[in-house]
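Engineer: In the order they appear, the protein sequences are chains A and G.
Take 5 as the starting number for the first sequence in my numbering and just add one per residue.
Take -10 as the starting number for the second sequence in my numbering and just add one per residue.
Backbone N, C-alpha and C define an ideal beta-carbon position, used for all residues, glycine too.
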Amino acid sequence: ELKVEQNPLFLSMQEGKNYTIYCNYSTTSDRLYWYRQDPGKSLESLFVLLSNGAVKQEGRLMASLDTKARLSTLHITAAVHDLSATYFCAVVPITGNQFYFGTGTSLTVIP
Amino acid sequence: GAVVSQHPSWVICKSGTSVKIECRSLDFQATTMFWYRQFPKQSLMLMATSNEGSKATYEQGVEKDKFLINHASLTLSTLTVTSAHPEDSSFYICSASGQSNTEAFFGQGTRLTVV
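1) My guess is that Gln27/G and Ser79/G are in contact by the Cβ rule of under 8 Å, so how many angstroms apart are they, rounded?
2) In the DSSP assignment, find the unbroken beta strand (DSSP E) run with Leu15/A in it and report its ends.
3) CA-CA distance, Phe95/G and Thr24/A?
4) Count the other C-beta atoms from every protein chain shown that fall within 10 angstroms of the C-beta of Trp(-1)/G, then say buried if there are 16 or more, exposed otherwise.
5) Assign Gly44/A to one of two classes, buried (16 or more other C-beta atoms within 10 Å of its C-beta) or exposed (fewer than that).
6) Please report the residue range of the beta strand (DSSP E) in which Gln41/A lies.
7) Does the Cβ of Gln61/A have 16 or more other Cβ atoms within 10 Å, making it buried, or fewer, making it exposed?
8) Are Leu65/G and Gln18/G closer than 8 Å when you measure CB to CB?
9) Note down the Cα distance separating Ile80/A from Leu35/G, rounded to an integer number of angstroms.
10) Leaving out five residues on either side along the sequence, give the residues of the same chain with a beta carbon under 6 Å from the beta carbon of Thr67/G.
11) Take Val59/A as the anchor and find which of Ser46/A, Ser76/A, Tyr29/A has the nearest alpha-carbon.
12) Closest by CA to Glu92/G, which one among Asp70/A, Glu48/A, Cys27/A?
Written out as C-alpha cells, the structure is:
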C-alpha cells in the first residue's frame, strides 16, 4: 500500500520563526508536488519538483526533493500570519500518473 | 497555470437522489482527469482516474456503481453520486492534466451535503 506521510500534522508557530515540514513516501517516484489549501477552498499549487535534488523557492517557502531518501521538505522562513493554511504534498508513482496526497500539515502562524 | 472549472460549488440534496458534478478544463485538453473526496480536516483521497474515451479506473474501496464517472470529451468529466446518502456528504475535488502529464490543475471543489 502506497503511503505518503507528513510530519508534523499540526504546527503552531510564531511570526518570524523558521520551520520545516517533512513529506515521506513509500513508492519510487521522481515527481512531487506541494499544495496549499485554505479552509473551504480547493488546492493552490506551490511547487512542482521533478528530479532528485530539485530545490525551488518562492517567497518565504522553499521546497526540496531527495528521491533516494523518498523525502521532500517544505521550509518556512520568517513565518507570517498569511502563511496559515493546510499544506499537502502529493507524489506520483513512477509506474503511474495518479497523484497521492500526504496526510496534510495544518499550519497556524501566531502574531 | 491552466484553468479547471468545477460546477456546482455547493449542493444540498435529499437522501436517495442523484447529484452530478461537472469538471471542465477551460484552456487545455485534459487527457486525464482525477476525482478526489475530502472529509473535514482530512487529506484528499483519490477516488478514480479517468482517461478521455475510456472507462474510469477506480481506487480500491470506491463503489463504481455509486460514483459514476464519465469523461466523454477532452474538456469535460462528470461525477454522478447516485442514490446519495448522508455519509456521502463531503468535499469533492477534480483535477485535470494534459498531454505533458507533469502537472495537474485543480477545480474549485464541490461541497455536497445530503440531508
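Structural biologist: Checking against the coordinates, here is how it stands:
1) Taking the second sequence and counting its residues from 1, the one referred to as residue 27/G is at position 38. Taking the second sequence and counting its residues from 1, the one referred to as residue 79/G is at position 90. Gln27/G to Ser79/G, Cβ: 6 Å. Contact.
2) What you label residue 15/A is simply residue 11 of the first sequence in a count that begins at 1. Run containing Leu15/A: 14 to 18, per the beta strand (DSSP E) assignment.
3) Taking the second sequence and counting its residues from 1, the one referred to as residue 95/G is at position 106. Taking the first sequence and counting its residues from 1, the one referred to as residue 24/A is at position 20. Going from the Cα of Phe95/G to the Cα of Thr24/A covers about 25 Å.
4) As a working note, residue -1/G is residue 10 in the second sequence. Classification of Trp(-1)/G: exposed, given that the 10 Å Cβ count is below 16.
5) Here residue 44/A refers to the residue found at position 40 of the first sequence. Counting Cβ neighbours within 10 Å, Gly44/A comes out exposed, since fewer than 16 surround it.
6) The residue labelled residue 41/A in the question sits at position 37 within the first sequence. Element bounds for Gln41/A: 35 to 41.
7) Residue mapping note: residue 61/A aligns to position 57 of the first sequence, counting from 1. Exposed, since its Cβ has fewer than 16 Cβ neighbours within 10 Å.
8) By 1-based counting over the second sequence, the position of residue 65/G is 76. By 1-based counting over the second sequence, the position of residue 18/G is 29. No.
9) Within the first sequence, the letter at position 76 stands for residue 80/A. Within the second sequence, the letter at position 46 stands for residue 35/G. Cα to Cα, the separation comes out at about 28 Å.
10) By 1-based counting over the second sequence, the position of residue 67/G is 78. Around Thr67/G: Lys9, Glu11, Asn59.
11) In the first sequence, the residue the question calls residue 59/A occupies position 55. For the residues Ser46/A, Ser76/A, Tyr29/A, the minimum Cα distance to Val59/A belongs to Ser76/A.
12) Numbered from its first residue, the second sequence carries residue 92/G at position 103. Minimum Cα distance to Glu92/G is reached at Glu48/A.
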